[in-house]
Amino acid sequence: MNHDSENLRRAIALGEEAGRRGNRPFGAVLVAADGTVVAEGRNEVATSGVVTAHAELTALGAAGPAAAGATVYASGEPCPMCSAALVWAGVARIVFAAAEADFSAIIGGHPRFALGCAAVVAASDAEIAVSGPHLGDEALVPFRRYVETVEETA
Ligand SMILES: [Zn+2]
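Residues in the sequence shown are numbered from 1 upward in steps of one, following my numbering.
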C-alpha cells in the first residue's frame, strides 16, 4: 500500500491543480508494473469544453498503448464512462481515493450514476482488481477547497 498511497497522493495533487485551473478537481496517474509513471491526467472539462475530458481519459489519451497492464490511480472513484474506458485500455488495476458518494456530497453536480467503478468492471469479462476508497479525509481536501474557491469567486 506504500506505493499505492504515494501514487494516490500524486493523483490528488493533480486534482488540486485541475481545481486551481477552474476544472472539477480530479486527477489520475497511470503507473506501469515496474513503477514507471506512464501518464498523468487532470480533469479539463471546463477549460477545454470537452465533456469527456475526465482525468482518467486524459491520462489514457496520453498513455496510448502503454496503458495496457498499468495501474490507474484516481483521486476520485472513476465514473462509468472512465471505468469502461479503463477496461477497454486493458489496465491491470484501478485504485481510487475518494468514493463517489463522498465527493458528490461535497461538489454536487449532475449527472450522477448509481453504478460504481467496481460494478462496471464486474459487468465486463476483464480481470481487473478495483481498490478504494483510500486515504479517508485526505482524499476529500481538494473537493472542499474547490467548493470554497467557487463560492469565493461567485
Ligand atoms: Zn469519468
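From the three backbone atoms N, C-alpha and C, an ideal C-beta is built for every residue, glycine too. These numbers come from a predicted model, not from an experiment.
Counting every other CB atom within 10 Å of its CB across the protein chains shown gives L115 a total below 16, marking it as exposed. In this structure, E77 has its beta carbon at no less than 7 Å from each heavy atom of ligand 1.
Residue side-chain check: H110 keeps its Cβ at 7 Å or more from all non-hydrogen atoms of ligand 1. Under the 10 Å beta carbon count, A74 is surrounded by 16 or more other beta carbons and is classified as buried. Per DSSP, T71 is not a residue of any alpha helix (DSSP H); the beta strand (DSSP E) it occupies stretches across T71 to G76.
With a contact defined as Cβ atoms closer than 8 Å, R21 and T52 miss out at about 17 Å.
With 16 or more neighbouring CB atoms inside 10 Å of its own CB, T71 falls in the buried class. Spanning the alpha carbons of I128 and I94 requires a straight line of approximately 7 Å. Taking the Cβ atoms as the reference, L140 lies roughly 11 Å from A101, outside the contact range of under 8 Å.
By the 16-neighbour rule on beta-carbons within 10 angstroms, A59 is buried. Scanning its chain for C-beta atoms nearer than 7 Å, with the 5 sequence neighbours on each side dropped, one finds around C82 the residues H54, E56 and L57, in chain order. Burial of E44 is indicated by the presence of at least 16 other C-beta atoms within 10 angstroms of its C-beta.
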